[in-house]
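This report refers to the structure that appears directly beneath it.
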Amino acid sequence: MAILTIQKATPREEEDVEMVYSDADSDAEEQMVMSDGENEDMDDNAQAANVAAGLVTPGKLITEDPIWMRGHGTYSVGNKTFSSTAGVVTKTNKLLSVVPLRGRYQPQIGDHVVGRIVDVGVKRWRVDIGAKQLAVLQLGSVNLPGGILRRKQESDELQMRGFLKEGDLINTEVQSLYQDGSAALHTRSLRYGKLRNGVLITVPSALIVRAKSHVHQLPGGVDTVVGVNGWIWLCMAWANSHLTRENTTSITRLEEEASLTETYSDKNEDIPRSVRENIARYANCFKALAANEVGITEDRVIAAYEASLVYPSAGDLIDKEAKEIIAAKAIAA
Numbered sequence: 001m002a003i004l005t006i007q008k009a010t011p012r013e014e015e016d017v018e019m020v021y022s023d024a025d026s027d028a029e030e031q032m033v034m035s036d037g038e039n040e041d042m043d044d045n046a047q048a049a050n051v052a053a054g055l056v057t058p059g060k061l062i063t064e065d066p067i068w069m070r071g072h073g074t075y076s077v078g079n080k081t082f083s084s085t086a087g088v089v090t091k092t093n094k095l096l097s098v099v100p101l102r103g104r105y106q107p108q109i110g111d112h113v114v115g116r117i118v119d120v121g122v123k124r125w126r127v128d129i130g131a132k133q134l135a136v137l138q139l140g141s142v143n144l145p146g147g148i149l150r151r152k153q154e155s156d157e158l159q160m161r162g163f164l165k166e167g168d169l170i171n172t173e174v175q176s177l178y179q180d181g182s183a184a185l186h187t188r189s190l191r192y193g194k195l196r197n198g199v200l201i202t203v204p205s206a207l208i209v210r211a212k213s214h215v216h217q218l219p220g221g222v223d224t225v226v227g228v229n230g231w232i233w234l235c236m237a238w239a240n241s242h243l244t245r246e247n248t249t250s251i252t253r254l255e256e257e258a259s260l261t262e263t264y265s266d267k268n269e270d271i272p273r274s275v276r277e278n279i280a281r282y283a284n285c286f287k288a289l290a291a292n293e294v295g296i297t298e299d300r301v302i303a304a305y306e307a308s309l310v311y312p313s314a315g316d317l318i319d320k321e322a323k324e325i326i327a328a329k330a331i332a333a
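Here you go:
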C-alpha cells in the first residue's frame, strides 16, 4: 500500500510562485495595452485610407467619413467632402484642405516675401505680394535712418517717398494677418529693405519649398531672395549687402545707421558682364524648374545651374528640351 506524503511549501517556493503569477499578469496587461494601441492605429489608418491622396480635381470625392473637418479648397454635401479646386490634399489633424496648384498666394505669418510698392498713403505703404489683397507696410514697421528705436515723426511722414516710392521692390516678412486675409508686413531687421542691383522673376508660389532661410548666396557671385510668394530676386553678391546680414548684427551705431542709409538708396552699382550672364543663367534655371513643376530649393537651383553650364549661352536655356534636361538633373541631384 503506497503512502502519499504532502509537504508544506517553503517560503521560498511560495515566493517563486507569487513572482511567476505577477510576471504573467504584467505580460497580460502589456499585451492588452499594445492591443489597444494597435487598434487605435488601425482605426486611424482606416480613416486615413478613406481620404483621397495625391492630386485631386474639382468635384472629386475626398472622403465620406464625417469625422473630417472641411478646410480651404473643399466643400461638403451631407457627410461627403469634395474638392473645389485642382490641387494636393493636405491633412492637419482632422482638418482637410486642398492646396491649389495654381492660384494667388495665400500669406501666412512669418513668410519671407518679396513685394512691390504700389501706393504711398498716410503712414503706410500698399504692397503687391501676389496675394488676393494688397499688403500693408506701416511707417512704424520699418527701420529709418537715425536709429531703429527712434520715434517716427511728422517729418518722416513727409519723406515717405524718399524711403520707399511706387515701383520699389522690397524684401520683407509677413508680421500678421487682418480679418479679410490681407497681410501686415514689416522690415524691422537689417536683412530686409529695398532691393537693388538685380532682376525679378516670378514662379507659382506652390512650387516654393519652405525652408529655414530664403536668402541664398549662389556660385558665380549671385545672391537670391526666394520669396514664399513665388517672387524671386536675383542680384549681384556683395559682402556688405543687407541680404547677407541674416545672422549678423551691427557692431556700432555708426555701422547701423550706414546700413539703414544704404538700404533705402536708389543707386545701382556697376555689375560686371560675367555676373550679368550668371544672373540671366540663374533666371532661366528658375524658369526651367517652374516649367516642369519642380519644387524649388537651394540644392536644386545650384544643381540646375551646374547642369546649365554645358550650354555656352544663357539664351540657350529657353529651349524646351534644355529646360527638361536641366529639371531632370536638378531632381536627380
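Sequential numbering from 1 applies to the sequence shown in the UniProt record's numbering. Quick reminder that beta carbons are idealized off the backbone N, C-alpha and C, glycines included.
Residue i (DSSP reduced to helix, strand or coil)
| i | result |
| --- | --- |
| Ser97 | strand |
| Val120 | strand |
| Ile279 | helix |
| Lys132 | coil |
| Gly181 | coil |
| Arg196 | coil |
| Gly87 | strand |
| Asn268 | coil |
| Ala333 | coil |
| Asp223 | strand |
| Glu154 | helix |
| Glu161 | It should be noted that the sequence gives Arg, not Glu, for residue 161. The answer is helix: DSSP assigns Arg161 an H, G or I state. |
| Glu166 | coil |
Option in the options with minimal Cα separation from residue i
| i | options | result |
| --- | --- | --- |
| Ile296 | Gln153, Thr202, Cys235, Gly78 | Thr202 |
| Gly140 | Ser189, Gln179, Arg104, Asp168 | Ser189 |
| Ala290 | Ile129, Glu324, Ser274, Gln133 | Glu324 |
| His112 | Ala332, Asp128, Val228, Cys285 | Val228 |
| Val275 | Glu298, Trp238, Tyr311, Val310 | Trp238 |
| Glu269 | Arg196, Glu321, Val114, Cys285 | Arg196 |
| Arg210 | Gly110, Lys320, Ala333 | Gly110 |
| Val114 | Ser205, Gln217, Glu306 | Ser205 |
| Asp266 | Lys194, Asp119, Pro107 | Lys194 |
| Asp119 | Leu134, Arg70, Ile318, Arg273 | Leu134 |
Residue i versus residue j - alpha carbon distance
| i | j | result |
| --- | --- | --- |
| Ala330 | Ala303 | 5 angstroms |
| Lys171 | Thr74 | Lys is not the amino acid found at residue 171; the sequence shown has Asn there. Each residue's alpha carbon lies about 33 angstroms from the other. |
| Asn143 | Leu137 | 12 angstroms |
| Ala288 | Leu200 | 15 angstroms |
| Leu254 | Val215 | Because Leu254 sits at a pLDDT of 44, beneath the cut-off of 50, its placement in the model cannot be relied upon, and the point is left open. |
| Val98 | Ala86 | 8 angstroms |
| Ile117 | Ala327 | 33 angstroms |
| Gln153 | Val225 | 31 angstroms |
| residue 380 | Leu96 | For the chain, the structure presents residues 1 to 333; residue 380 sits outside this window and is missing. |
| Gly181 | Tyr105 | 11 angstroms |
| Ala314 | Arg281 | 5 angstroms |
| Trp68 | Gly78 | 12 angstroms |
| Gly198 | Pro219 | 16 angstroms |
| Leu55 | Tyr264 | 44 angstroms |
| Arg300 | Glu157 | 43 angstroms |
| Ile208 | Gly230 | 6 angstroms |
| Val222 | Met236 | 5 angstroms |
| Arg126 | Thr187 | 14 angstroms |
| Glu64 | Arg102 | 26 angstroms |
| Asp128 | Thr81 | 34 angstroms |
| Thr248 | Ser84 | Below a pLDDT of 50, predicted positions are generally treated as unreliable, and Thr248, at 48, falls in that range; no measurement from the model is reported. |
| Glu293 | Ile271 | 31 angstroms |
| Glu306 | Glu321 | 17 angstroms |
Residue burial classification, residue i (beta-carbon count within 10 angstroms, cutoff 16)
| i | result |
| --- | --- |
| Lys212 | exposed |
| Ala24 | Low per-residue confidence applies at Ala24: pLDDT is 43, beneath 50, and the placement is therefore not dependable, though the value from the model is reported in the following sentence. Exposed is the call here. |
| Ser308 | buried |
| Tyr178 | exposed |
| Asn278 | buried |
| Lys123 | exposed |
| Asp316 | exposed |
| residue 351 | No answer is possible for residue 351: it lies beyond the span of the chain, which begins at 1 and ends at 333. |
At least three beta-carbon pairs within less than 8 angstroms, the region 156-169 to the region 86-95: no
Sufficient close CB pairs (3 or more, under 8 angstroms) joining the region 66-81 to the region 167-187: no
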